[in-house]
Structures are given as C-alpha cells and as structure tokens.
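Engineer: Got a structure here, written out as structure tokens. Questions coming.
Residue numbers (my numbering): 74 to 358.
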C-alpha cells in the first residue's frame, strides 16, 4: 500500500468525511445493533470499467474498526479492469461499523472509479502515440490526492499537484507582466534548475514568443487542429508541447496524431460520472 495512505493529508480527508457524515454518530443504527453484532458486506460492480479506491475503502473502514476485528478481501487491485456483476471485495466486520462506513466507502469508490474509467478511455484513444493524458487542478476541494490517484489508476499522468510544484504562466500572469518574454525573464532567476516553466499560448505569435523566452513546456490552448499542427512544427522539439481546451474523447486521436507530448483534460476530474457500485450487507447469525 502506498505511503500516501500514511500521510497527514489523507488522514485529515478521512476524518473530515466521518465528521461530515456522522458528527454525533449514526442515529439509525445506534439502538438497533449491539457491539457484538457482526455482518458480511460485499462490494459489487454495477458497471464495466476500472476500479479505483479499494485501498481507500479499506482505510475508511480502519478509521472506525480495528484491523484485528475485520477482514477485507479482494481479488482485485486498484487499476484493474472489472465487469458488471464482479464482486470487488468481501468484508467481515461489526455490523454497526459497516453501516457507518458504507456511504463514505462508496463515495470514494464511485468517484475514484469513475475518474479511472474515463481516464482509461482517454488513454486508449491515444494508444500507439507518444502522447500522454494529463489531469489538471480542477478537482473537488480536499480530494485532489484521491482524484489524482484515480487518474494514475486509469493510466493517466499527473500534472502539477499544486501551485507550488511548477511555474505555469497563464493569460492573467502574462497580462500582468506585459508579455510572455518579460514574464519568463522575471520568474526564471528565482527558480532552482529543477523547476520547469510552462507557458500558455493561444496564437502562433505567442508560441514564437514562448520559444524565444526558453519555456520548458508550451501549452497550446483552445487551438484548432491546423493551428496546433503549425505550432508543433514551429516548436520543433525546442520545448515539450501540451494541448489543452475542449479535449473530448472524440478529438483526442486527431490531436495526438499531430505529435503533442501531452493532452490535459479537466473533465477527468471536474465532470466525473460516478461508477455504479453497490454494497450488500448480511448479518452473521
């Protein structure tokens, strides 16, 4: 299991989820079940796709159930392909704990698997090319860690996790500096050599200015295919190239064929279709 699950950020996310969902406990089950009541739960896929969030679901349950008091078994790992009807995991634990954790577990599993599945579909659209599918910072506040984890499970590549990871000079930065060249020249002297600079462009003139400024990555934002093709020819390997804007699954193959290094897709995380998963719980007699 990745070290991410031992991070303070992840622990805080799980704590907030419980605080949000049951701030003073589960009133529906408090008077119906005793501490000795146990049950078996099965997580069942209701869609075809890529599973993501099994490790997270396990950690969610660990928050209210000591590990020695439960078993969590699965034939799958995060990133595996699953089919409708597959049993994703079988869990034995105190009945009340399963009911308390159920919705939180499903919320993570359904969102993360939805992200992973759509990411996988996008990755398949560019298969056979050098192009990699990138995510963005367009995530649900507080869930960036798990959103980006799900992108990796779907075969995608994480872009910067935060504003602290790299420099990306977008239109508002460039307007403030008076142009691409002065923006890059102002920022670069303050950066360690390991920090790269990406510049957003929307015209061929801006592309040339980004080249002249020595940008490490040049983003082609909302360009039509012909302009994008001319931009890639102009850059000619002097910087890495990222295409962005209106990147639907139907358009990906054509964009990748132009020869860009990356395609960033905000919809991987900002317009998630939840992956349908059910959780059935039966008492142990």
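A virtual CB, placed ideally from N, CA and C, is assigned to each residue, including glycine. Keep in mind the model is a prediction, meaning the values are calculated, not measured.
Give the DSSP bridge partners of residue 157, in chain order.
Structural biologist: Its beta-bridge partners do not exist; DSSP assigns none.
Engineer: Among all the DSSP beta bridges, which residues are the ones paired with residue 111?
Structural biologist: Residue 111 pairs with 167.
Engineer: From which residue to which residue does the beta strand (DSSP E) around residue 234 run?
Structural biologist: Where residue 234 is concerned, there is no enclosing beta strand (DSSP E), given that its DSSP letter is neither H nor E.
Engineer: Our contact map puts residue 270 next to residue 280 with C-beta atoms below 8 Å; I'd like the distance itself, whole angstroms only.
Structural biologist: Actually they are not in contact, since the Cβ atoms of residue 270 and residue 280 sit about 15 Å apart, beyond 8 Å.
Engineer: Start and end of the beta strand (DSSP E) containing residue 356?
Structural biologist: Where residue 356 is concerned, the enclosing beta strand (DSSP E) stretches over 350-356.
Engineer: Helix, strand or coil for residue 345? Go by DSSP, reduced to three states.
Structural biologist: Three-state result, residue 345: coil.
Engineer: Among 283, 266, 240, 275, which residue has its Cα nearest to the Cα of residue 254?
Structural biologist: Looking at the Cα atoms, 283 is the closest of the given residues.
Engineer: Using the Cα positions of residue 110 and residue 169, report the straight-line distance between them to the nearest angstrom.
Structural biologist: Approximately 8 Å, taken between the alpha carbons.
Engineer: Could you check whether residue 116 and residue 185 sit closer than 9 Å to each other, using their CB atoms as the reference points?
Structural biologist: In this structure, residue 116 does not lie closer than 9 Å to residue 185 by Cβ.
Engineer: Can you tell which of 107, 146, 176 has the C-alpha that lies nearest to the C-alpha of residue 133?
Structural biologist: When each option's Cα is compared against that of residue 133, the closest is 176.
Engineer: Spatial neighbours of residue 241 within its chain, please: C-beta separation below 6 Å, excluding the five flanking residues on both sides.
Structural biologist: Cβ neighbours of residue 241 beyond the five flanking positions: 271.
Engineer: For residue 356 and residue 174, which I take to be in contact (beta-carbon distance under 8 Å), what is that distance rounded to the nearest angstrom?
Structural biologist: With 8 Å as the limit, residue 356 and residue 174 do not qualify as a contact, their Cβ atoms being about 16 Å apart.
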